[in-house]
Each structure stands twice: as structure tokens, then as C-alpha cells.
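**Q** FYI, in the numbering used here the residues of the sequence shown are 18 to 404. Quick reminder that beta carbons are idealized off the backbone N, C-alpha and C, glycines included. Here it is, the structure in full.
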Amino acid sequence: MHTQIRGIAIFVIFLILGSLSTARAQRPTPTPRPRNFPAGGVYVLTNQVSNSVAVFHRTARGVLTPAGEFSTGGAGDPVPHGMDPPTDPLASQGALILGHGNQFLFVVNAGSNQISVLRVGILDLTLVDVVDSGGVRPISLALHENLLYVLNEGGTPNITGFTVGDDGTLTPLLGSTQPLIGGTAADPAQVSFNPDGTLLVVTEKAGNRLNTYTIDENGLPSAPIDNPSNGMTPFGFAFNNSSFLVVSEAFGGAPNQSAASSYSAAEDGTLSVISGSVPNSQTASCWVVTTNNGRVAFISNTGSGTISSYGIGSGDGTLNLINSVAGDTGANSAPIDMALNNSSHFLYVLAGGLQSVVSFRVEFDGSLTLIDTDGGLPLGAQGIAAK
Numbered sequence: 018m019h020t021q022i023r024g025i026a027i028f029v030i031f032l033i034l035g036s037l038s039t040a041r042a043q044r045p046t047p048t049p050r051p052r053n054f055p056a057g058g059v060y061v062l063t064n065q066v067s068n069s070v071a072v073f074h075r076t077a078r079g080v081l082t083p084a085g086e087f088s089t090g091g092a093g094d095p096v097p098h099g100m101d102p103p104t105d106p107l108a109s110q111g112a113l114i115l116g117h118g119n120q121f122l123f124v125v126n127a128g129s130n131q132i133s134v135l136r137v138g139i140l141d142l143t144l145v146d147v148v149d150s151g152g153v154r155p156i157s158l159a160l161h162e163n164l165l166y167v168l169n170e171g172g173t174p175n176i177t178g179f180t181v182g183d184d185g186t187l188t189p190l191l192g193s194t195q196p197l198i199g200g201t202a203a204d205p206a207q208v209s210f211n212p213d214g215t216l217l218v219v220t221e222k223a224g225n226r227l228n229t230y231t232i233d234e235n236g237l238p239s240a241p242i243d244n245p246s247n248g249m250t251p252f253g254f255a256f257n258n259s260s261f262l263v264v265s266e267a268f269g270g271a272p273n274q275s276a277a278s279s280y281s282a283a284e285d286g287t288l289s290v291i292s293g294s295v296p297n298s299q300t301a302s303c304w305v306v307t308t309n310n311g312r313v314a315f316i317s318n319t320g321s322g323t324i325s326s327y328g329i330g331s332g333d334g335t336l337n338l339i340n341s342v343a344g345d346t347g348a349n350s351a352p353i354d355m356a357l358n359n360s361s362h363f364l365y366v367l368a369g370g371l372q373s374v375v376s377f378r379v380e381f382d383g384s385l386t387l388i389d390t391d392g393g394l395p396l397g398a399q400g401i402a403a404k
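Here it is in C-alpha cells:
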């Protein structure tokens, strides 16, 4: 009897092992990840008459490799207006932005008065939508969740809103258009949301003011609220993760006179100066980015060919200069727009004078280490984003 039971048990074990082996054999083999799979990407708007986005693949060490250009379906505007130099034809920050978990790129077509949306693939971009911007010469974009606003600089300048569908398509938001306080003399540079999406800010270079707009529950803006800039020629800006606002001040491009100010924002849209016009002894400070931890702001100085770094007080938003020359992009390099990757480990600077992207590694203390310079961009390229 014991022998029979032992035999049956052994037979059952063989059946189980056999079925497990069959299941393993039938289980699909996972597709191996390609060795050249990019760790991230950097995207630059060429801003040419036949507009496109130049793509660079990024390695885990921050090194870039050119990966082609993809049409926006619209026209750029590489011809500078007024006093703007050919290396900075739009004179704006935020001409190209990533959104929706880096699924989509939103870009301006300043020459055709349109906005384009491109889906971000692992290796390429796919055009999703092209819509009219609601004004003339769009130069900057702001995104919060499913709400996109554009700054139209030409004609009578305005901001205009759109809703963003799950598929990336844009729908004009009725009643969202608002003027700028400075009207045709405003010479605006950027539009952007605060972190919780309750406030829009627009800088006016000529008017030396910051327009603010409170945003209601329907995504509609208030009339513009006039906030004087602490310093002359406010240009680019960025909110940190504590909602403190850092604004660059070019002081009309006067040599070695640039600065930056920090502000707090009240619920009614009024701004209060925290640190006023903290100098960096550089020329033409224009573009601003802040790190993910909210402690450091980098500012590009177009006239000096340098990047300055500022510390941001975590509790009070006070601004202190860390290094006037945290990074050097070279003589006549004309650094303009900048972008940090998702982790803030790498800073990518669009150098208009070099027609290149200059790559830096961001060290733990906020200092910058040069990685490389990648050329091949056309004169007039403007706008950069990174992931």
C-alpha cells in the first residue's frame, strides 16, 4: 500500500513539473531594451520659414546626439524685429514647452500665427494639431494641466487660452483673450503660470512691468493687473516649487548692469518684491530656469556669454548671488533660452551666436561643469525644452 501511494505521489509531482516547464516554454520572451535607447531628449525650435523642431537624444551622462528635424506644419519668423538681434529674433522665453508628462511638445509658429502640438515618441516626433493662435506673432506658451495660454506679441498684444485634449488637440477657450497693459508698446517676452495654475504672469520689457492675471475655475483670466518691475527691462522668469517668482532684469543691455529680483504673489494677483535687483555684474540677463528642489536659479547673460547662479531662500524667497559666472558659453556665443532636464541634473543652453546647444552637468552645490557643445542649428533658432 505504501509503495502504491509513493508511486502515485511521484507521478503527480512529475505532472506538476511538466506543466510548469510547458508554461515556461510558452511564456513570451520579453523584448530586450535596445542598447542605444536614449535616456532623454532635448528639443529646439528652428524658427525657420519652414518651421521644425530639432531633436537631440540624451545619454544618462547628459551627452547629446542629433536625431533629426520634424516639421511643425507652420512657419517660423527668423527675421528680428526692432532692435532684436538675429541670434534672438523672437526675444522671448517659452517658445517651445513640454507637457502632459512629456507626451507632447507645444510650439509657436510666429510667422504663420499658429500653435502646433507634436507627440513625443522614444526616437521621434509626430505632428498632432495646428491651430490659429488668436493673435499675431505668438512668441511664448504657458501650460497648466489641460490649459494652454499663448502670448501674442504682434499687432495689439494679447494672451489667449486653449484647452488641451487627451490626444493633444487644442480647442480655443471662449472669453480667454485679454490685452496687455502696455498695448502696442508693451514689447512682451514671456507668459507662464504659477505652480498651482491660479495666476498667469507676462513680462513687458518696454513698459518695465509685470502683468498678472488671476485664473478662475473655468480657466478664464481676469483683466490684467499692473505690477511695476523692480528693475529695468524685465525679461524671462520662473516660479520655483514654493511659488516664489524670479525675474531677470537686462537693464536695456547696459554693460555689466544686469540683475534679478524675486517676488511673492498674493491671491488677488498683486506681486510684492522680496529681493530687489540683486546684481550679477553681467550683460543682458534674459532667460531664467529654477531647479526641481527650488533652491537655485540659473540666468543666461546674452551679452556676456555666461550663466549666473542665484540661491533662493526656501522659506522666504530671498535671492542671493552664488556665482556671476557659474557657466561660460564663450565669446560671442549669445546664450539665450535654457532648459533643465526632469531631474535638474543637466542644463542645456541654446547659444544663438554659436547656433549650438551647450550642455552642462549641474553639480550638487549648484555649480556647472561643461559637457559638450552640439552645433548644426540654423541662425534664428529659438526655444528649447528637455526631458
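1) What is the rounded straight-line gap between the Cα of N235 and the Cα of G347?
2) So the beta strand (DSSP E) S279 belongs to, where does it begin and stop?
3) Should the stretch 237-253 be regarded as contacting the stretch 212-220, the criterion being three or more beta carbon pairs within less than 8 angstroms?
4) Taking just the CA atoms, how far does S360 sit from L62?
5) Count the other C-beta atoms from every protein chain shown that fall within 10 angstroms of the C-beta of L191, then say buried if there are 16 or more, exposed otherwise.
6) Give me whichever residues DSSP pairs with N175 in a beta bridge.
7) So, helix, strand or coil for A202, using DSSP?
8) Specify the secondary structure class of R50 as computed by DSSP and reduced to three states.
9) For Q120, name the three-state secondary structure that DSSP assigns.
10) For my contact list, N225 and S246 are in at a C-beta cut-off of 8 angstroms; report their separation, rounded to the angstrom.
11) Any chance you could list the beta strand (DSSP E) runs of at least 3 consecutive residues sitting entirely within the stretch 119-164, in chain order?
12) When you compare each of S373, D391, T231, K222 to N211 by their alpha carbons, which one comes out closest?
13) With 16 as the cutoff for other CB atoms within 10 Å, does R78 come out buried or exposed?
14) Alpha carbon to alpha carbon, what distance is there between Q207 and L336?
15) Please list, in chain order, all residues of the same chain as G293 whose beta carbon is under 6 angstroms from its beta carbon, the five residues on each side excluded.
16) Could you pull the DSSP bridge partners for A71 from this structure?
17) Quick one: what does DSSP say F381 is sitting in, helix, strand or coil?
**A** Walking through what the data contain:
1) 46 angstroms
2) 276-282
3) yes
4) Using only the alpha carbons, I get a separation of about 22 angstroms.
5) exposed
6) N169, P196
7) Secondary structure of A202 (DSSP, three-state): helix.
8) Because R50 carries a pLDDT of 43, less than 50, the predicted location of this residue cannot be relied on, and the following value inherits that uncertainty. Three-state result, R50: coil.
9) Coil.
10) So it is a contact: roughly 5 angstroms between Cβ atoms.
11) 121-126, 131-137, 142-149, 153-161
12) T231
13) exposed
14) Separation of L336 and Q207 (C-alpha to C-alpha, rounded to the nearest whole angstrom) is 21 angstroms.
15) N247, S278
16) DSSP output for A71 lists V61, E86 as bridge partner(s).
17) coil
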